[in-house]
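See structure below.
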Amino acid sequence: MTDLLASLNSPQQEAVTTTEGPLLVLAGAGSGKTKMLTSRIAYLIQTGRARAHEILAVTFTNKAAREMRERVVRILDGTGFAPYDMGTFHSICAKILRKEAAYLPFTKPFVIYDDSDQHTLIKSIVKAKNWDEKLYSPKAFQYAINRLKCDAREPGDPFAQVSRMIERKFPELWEAYHRAMIDNNAIDFGEMITMTYRLLRDHEDVRAFYQRRYKYILVDEYQDTNRAQYLLLSHLAKPEFGGRGNICVVGDEDQSIYGWRGADIKNILDFEKDYPSAKVVKLEQNYRSTQTIVNAASHVIANNLERKNKTLYSRESIGDPIIRLQCPDDRFEAEQVVKEIQAQLAEHHDLSFHDFAILYRTHAQSRLFEEFLRQAKLPYKIVGGLRFFDRKEIKDVMAYLKLVLNPDDSVSFRRIINVPARGIGKTTLDKLEAAWGQKGSLWTFFCKEMDQPTLFAGKTLKKLQQFRDMIERWMTEVAVMSVVDLYHKIIDETNYIGDLRNEGSDESHERIENLEEFNTVILEFEERTEDPVGKLTDFLESVSLADAPETDGQQSSIQLMTFHGCKGLEFPMVFMVGCEEGLFPSVKGDDDRVIERELEEERRLCYVGMTRARRLLYMSHAAFRRVWGNMLYQYPARFFNEIPANLVQVRDHGREYSTDRVRSI
DNA sequence: ACCGGCCAGATTTTT
DNA sequence: TCTGGCCGGT
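For reference, each letter of the first sequence is one residue, going 54 to 718 in this note's numbering.
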């Protein structure tokens with residue numbers, strides 16, 4: 054125990070030992086937040102204040118939850134168990150919803166719809182209603198629904214922020230979407246949170262159960278919580294709802310960068326108003342970066358108004374100044390950054406490729422860097438972009454598995470009824486859907502039609518019946534089969550990989566590799582599952598809520614990612630590129646209040662990027678940049694003016710087009 | 001059923 | 001400028 058506390062500084066100690074009552078920990082970048090959180094959990098367990106199932110620890114990513122669990126296990130070192138309920142909001146909610154299914158509108162195990170499933174469903178509704186997709190864009194509906202769900206609204210509630218274009222049709226669509234989701238036995242990400250919230254709100258017995266169970270609640274990245282998550286936590290923790298009030302939230306308002314997704318920075322700013330007895334602890338010492346980097350970042354963020362009063366400082370060395378690269382154009386910028394990396398590698402032998410990160414505002418910017426890195430034969434890796442579980446082939450096999458578990462899932466049904474191609478064309482599907490008319494379960498309707506055919510005959514009927522028989526057979530087998538076995542059955546009987554092999558293209562080859570990776574994902578799941586037979590529900594849930602599988606064993610490489618993607622990471626050498634007005638900060642709009650709010654979020658993004666750097670930070674900008682085919686004259690980001698001049702070394706590479714550019718124009 | 005051309009859209013995306 | 005999705009032709 055003394056060991057546990059001895060390695061902490063005094064505010065960290067305070068945050069760990071203040072176990073009772075509401076606690077707000079304002080944890081600046083690199084201030085040892087995870088160390089504090091894991092120590093606190095271990096402290097609760099080691100002092101006997103709580104047992105493993107009496108702690109609820111919520112994070113935003115699986116990665117964060119995993120790391121936290123590993124560290125708690127290491128600290129406890131066999132003296133106790135890590136909390137059972139340690140995970141993302143969504144995984145905790147899924148667990149509760151499965152357990153309390155009796156209170157919910159689901160008749161069977163529900164499946165989770167991701168954004169693209171959701172999009173497909175909305176699109177099919179718009180189509181079934183014969184609305185013009187140009188006028189009533191499914192994307193706009195989807196965005197509006199998700200935003201409203203972040204605010205814990207339901208169909209029928211008054212709504213504001215819905216775009217003019219779709220306003221009139223919106224209530225009807227939301228109603229239809231809501232009903233369709235229930236018919237499909239499906240739940241979307243937003244609904245997982247709001248449904249859990251409403252469950253706790255409306256059922257006192259359920260609420261009391263979880264309030265009694267969770268003696269201590271910890272929430273990481275509190276600045277990124279939305280209204281629905283806030284309400285959910287309130288119903289678990291707030292004394293006015295019967296909660297114990299032992300809630301510890303940890304966050305940094307200066308790192309709130311998901312406002313556009315419904316995160317409400319007010320949650321952290323107003324915590325003390327919410328819980329008047331709250332104690333506040335500030336972790337202000339940064340252990341990560343040089344003083345120069347911390348000072349510069351602090352000066353930038355000081356321009357924001359929406360923040361708490363907290364000052365980050367570093368006791369590391371002063372370090373080198375920030376290097377500002379002024380480039381004539383975007384190509385030059387990329388080339389120059391690659392040259393700098395080569396020079397740094399040559400100069401510092403303790404550095405390897407993975408010590409470098411190139412951070413940009415948008416994925417589209419990665420292209421030029423890739424080009425020059427490839428040319429220089431430097432290994433690099435793009436973090437983010439198209440995610441593993443969003444790939445077509447993975448979504449296809451997932452759709453098979455989902456359909457076997459829950460045949461009411463019309464999105465999965467439509468996705469795979471002709472994948473791989475089995476001669477069931479668009480005409481057939483349109484006919485079936487028109488007759489079904491979006492009422493009730495598509496699968497049930499389909500089966501009825503198969504038994505007493507009225508719409509189809511001959512070859513088409515035969516093919517459809519074969520499909521039905523195949524799915525039904527798997528449905529009966531699923532209870533006695535492990536997920537790998539079912540997966541192989543599906544792949545074999547549909548000849549999915551066989552078809553890809555016949556194609557023989559580079560792309561199909563890559564798809565096969567991804568499916569092999571998916572096979573590994575299943576095997577890993579089965580390894581950590583005691584009795585893997587009949588565990589399809591658990592598997593699908595773990596995948597639906599999962600982040601990309603760890604791609605281990607790869608060589609060290611330079612990391613390319615967006616500013617959003619770098620949160621929580623650190624690198625000795627960081628390049629923030631494209632620091633130009635309009636790109637970063639990227640602020641659009643006409644309402645001054647909106648512009649101001651967005652600008653503050655961009656500034657927080659800048660702060661997040663800067664504080665990733667441990668030793669050396671580069672910030673680059675170009676005078677000319679090709680954007681969607683046009684050459685634009687770009688102004689340096691206003692953030693440069695916010696950094697004291699003595700902390701920056703400017704390297705001016707001129708304002709004219711670089712020579713090769715001039716030649717090619 | 002498949003291919004090709006045309007048009008719209010193009011920040012960020014923890015789940 | 002580049003891409004992905006959709007429609008219409010074979």
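In this text, a Cβ means the ideal position worked out from N, Cα and C, and glycines have one as well.
Looking only at its chain, what residues have a beta carbon closer than 8 angstroms to the beta carbon of His-402, apart from the 5 residues adjacent to it on each side? none
Please specify which runs of the beta strand (DSSP E), each continuous and at least 3 residues long, are wholly inside the stretch 560 to 602, giving them in chain order. Counting only runs of 3 or more, we get nothing.
Among residues of its own chain, excluding the 5 on either side of Tyr-53, which ones have a beta-carbon nearer than 6 angstroms to its beta-carbon? With the chain represented from 54 up to 718, any question about residue 53 goes unanswered, as that position is not in the structure.
Could you compute how far the alpha carbon of Leu-685 sits from the alpha carbon of Glu-393? 25 angstroms
Just to confirm, are Val-333 and Leu-77 a CB contact at a threshold of 8 angstroms? The Cβ atoms of Val-333 and Leu-77 lie closer than 8 angstroms to each other.
Going by Cα to Cα distance, which pick from Ala-82, Glu-570, Ile-611 is closest to Ile-435? Ile-611
Compute the beta-carbon to beta-carbon distance between Val-125 and Ile-94, rounded to the nearest angstrom, for a pair I have assumed lies under 8 angstroms. Between Val-125 and Ile-94, the beta carbon gap of about 5 angstroms places them in contact (Cβ cut-off 8 angstroms).
For Glu-525, which of Ala-487, Val-457, Leu-485, Asn-238 has the nearest alpha-carbon? Val-457
Considering only DSSP beta bridges, list what Gln-612 is partnered with. Ala-410, Lys-434
Between the Cα of Tyr-166 and those of Ala-233, Val-630, Gly-476, spot the shortest distance and give me the residue it belongs to. Comparing Cα-Cα distances from Tyr-166 to each of Ala-233, Val-630, Gly-476, the minimum goes to Ala-233.
Take Phe-159 as the anchor and find which of His-407, Glu-225, Asp-462 has the nearest alpha-carbon. Asp-462
Look at the alpha carbon of Glu-337 and the alpha carbon of Thr-364, and state the distance between them as a whole number of angstroms. 6 angstroms
Backbone secondary structure at Pro-64 - three-state DSSP: Here Pro-64 sits in helix by DSSP.
Let me know the secondary structure DSSP gives Phe-498 once reduced to three states. Residue state, collapsed to three classes: helix.
Could you check if Lys-202 is buried or exposed, using at least 16 other CB atoms within 10 Å of its CB as the buried criterion? buried
Using the Cα positions of Phe-466 and Lys-455, report the straight-line distance between them to the nearest angstrom. If I take the Cα positions, the gap works out to 9 angstroms.
Let me know the alpha helix (DSSP H) ranges lying completely inside the stretch 456 to 510, each 4 residues or longer, listed in chain order. Within the stretch 456 to 510, the runs of alpha helix (DSSP H) at least 4 residues long that lie entirely inside it are, in chain order, 463 to 469, 479 to 489, 495 to 504.
Just the Cα atoms here: how many angstroms apart are Val-69 and Tyr-96? 7 angstroms
Considering only C-alpha positions, which residue in the set Met-89, Lys-88, Leu-150, Gly-101 is nearest to Glu-594? Leu-150
Would you mind reading off the limits of the beta strand (DSSP E) that contains Val-630? It is not in any beta strand (DSSP E) - Val-630 carries neither H nor E in the DSSP assignment.
Inter-stretch contact at 8 angstroms, needing at least 3 Cβ pairs: the stretch 643 to 654 / the stretch 307 to 326: yes
Helix, strand or coil at Pro-625 according to DSSP, with G and I counted as helix: Looking at Pro-625 - three-state DSSP - the assignment turns out to be strand.
Can you tell which of Gly-707, Gln-171, Thr-72, Ala-601 has its C-alpha closest to the C-alpha of Leu-439? Considering only alpha carbons, the answer is Ala-601.
Assign Asn-237 to one of two classes, buried (16 or more other C-beta atoms within 10 Å of its C-beta) or exposed (fewer than that). So Asn-237 counts as buried.
Hey, Ser-673 and Leu-378: beta-carbon distance below 8 angstroms or not? yes
Rounded to whole angstroms, what's the CA-CA distance from Asp-713 to Leu-598? Just pull it up for me. Since pLDDT at Asp-713 reaches only 49, below the 50 mark, its modelled position is unreliable, and no value is offered.
Nearest by alpha-carbon distance to Val-164: which of Cys-301, Thr-590, Trp-681 is it? Thr-590
Could you check the C-alpha separation between Val-533 and Gly-587 for me, to the nearest Å? 6 angstroms
Rounding to the nearest angstrom, what Cα-Cα distance links Arg-806 and Ile-575 in this structure? For the chain, the structure presents residues 54 to 718; residue 806 sits outside this window and is missing.
When you compare only the Cα positions, how much space is there between Arg-564 and Pro-473? 14 angstroms
Can you confirm whether the stretch 622 to 632 touches the stretch 383 to 392 when touching is taken to mean that 3 or more C-beta pairs between the two stretches lie within less than 8 angstroms? yes
Under DSSP, the alpha helix (DSSP H) around Met-534 begins and ends at which residues? Element bounds for Met-534: n/a, residue is neither H nor E.
Let's test the definition: count the other Cβ atoms within 10 Å of the Cβ of Ile-718 and tell me whether it reaches 16, buried, or not, exposed. Reliability fails at Ile-718, whose pLDDT of 36 lies under 50, so the model's placement of it is uncertain and the value that follows must be treated cautiously. Exposed: under 16 other Cβ atoms inside 10 Å.
Report back the beta-carbon spacing between Leu-285 and Ile-246 to the nearest angstrom; my notes put them in contact at under 8 angstroms. 6 angstroms
Per DSSP, what kind of secondary structure is Pro-191 in: helix, strand or coil? helix
Lys-542 in three-state terms, based on DSSP: helix
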